[in-house]
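Here's the structure we're looking at; comments come further down.
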């Protein structure tokens, strides 16, 4: 079986995020092929997010939307981009990342430590996870 060593790294939102308290910790999720990962980000009026992302050896579909569902930023089949956003209203904004691969799962690792009136650097790392080899008995 052909081994896949493709690595996809997405560093998102080297962000300056000023928000109310959110749970702290490091989270990880694996996005199966053709599935979407969503991350809810609670922002207050005038809170802001500024940053950039890039993918190495792969592509993603990326979407950032307002509490009312309006798409604020979208990038399809991309390997890089930037986002500069200031919230005009308080609410839950949603970041969605689609794994467009039909073959490989994608692992998403992101630290979360967002506190009221503290500037935080939020990094989102995505890496392709090669399929496990089949074991024959």
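Residue numbers (the numbering used here): 9 to 145.
Beta carbons: idealized from backbone N, C-alpha and C, even for Gly.
Treat the numbers as computed from the prediction; the structure is a model and nothing was measured.
May I ask you to report which of helix, strand or coil DSSP gives residue i?
i          : result
residue 67 : coil
residue 74 : coil
residue 93 : strand
residue 82 : strand
residue 56 : strand
Near residue i, what residues of its chain come up, given a Cβ to Cβ distance below 6 angstroms and the 5 sequence neighbours on each side ignored?
i          : result
residue 56 : 94
residue 47 : 103
Within its chain, find whatever has a CB closer than 8 angstroms to the CB of residue i; leave out the 5 residues flanking it on each side and keep chain order.
i          : result
residue 43 : 106 and 107
In its own chain, which residues sit with a C-beta less than 7 angstroms from the C-beta of residue i, not counting the 5 before and 5 after it?
i           : result
residue 67  : 85, 86, 87 and 108
residue 79  : 71 and 73
residue 54  : 94 and 95
residue 110 : 41 and 42
Within 9 angstroms of any Cβ in chain B, is that where the Cβ of residue i sits?
i          : result
residue 78 : No chain B is present in this structure, which holds just one protein chain.
Note the first and the last residue of the continuous beta strand (DSSP E) segment covering residue i.
i          : result
residue 46 : 44-51
residue 98 : No beta strand (DSSP E) contains residue 98, which DSSP labels as neither H nor E.
Less than 9 angstroms between the C-beta atoms of residue i and residue j, yes or no?
i           : j          : result
residue 101 : residue 39 : no
residue 97  : residue 74 : yes
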